[in-house]
Amino acid sequence: MDRIVLNLEFECLREITRAIIHKVIEEYNWLIFGINVWFLNMNMMDFSSLQKKIINSSYLILESADEIYELLSQEVSRLQELYACLN
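For the sequence shown, numbering that gives the first Met the number 0 gives the first residue as 0, with consecutive numbering after it.
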């Protein structure tokens with residue numbers, strides 16, 4: 000019974016990881032799209048405006064990375080507690 004619960008928890012972790020990776024890929028794709036649009040319109044912008052937009056996008060990616068790290072570390076801690084209970 001305990002093994003079944005542990006297997007279900009690992010499956011849950013796998014699904015959470017897939018969702019997180021999907022979110023990261025989606026955000027990365029939007030960033031690339033945005034950079035392409037900026038470069039297409041670069042002749043209408045000054046350099047400092049473009050630089051500010053790139054810095055703001057980098058900050059959003061870092062926030063996402065921190066969020067992903069936090070979610071994964073919570074799941075790992077939870078699984079470690081479950082494993083400790085089984086032993």
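The beta carbon of each residue, even a glycine, is placed where N, CA and C say it ideally should be.
Rounded separation between residue i and residue j - CA only
i	j	result
Q73	C84	17 Å
L71	T16	8 Å
G33	I19	21 Å
I31	H21	15 Å
L5	E69	21 Å
E25	E66	15 Å
R2	E14	18 Å
V75	E10	13 Å
V23	V36	20 Å
Given residue i as reference, the closest of the options once Cα atoms are compared
i	options	result
S77	D1, E8, I3, V23	Checking the displayed sequence, the identity of residue 77 turns out to be Arg instead of Ser. Of D1, E8, I3, V23, the residue nearest in Cα terms is E8.
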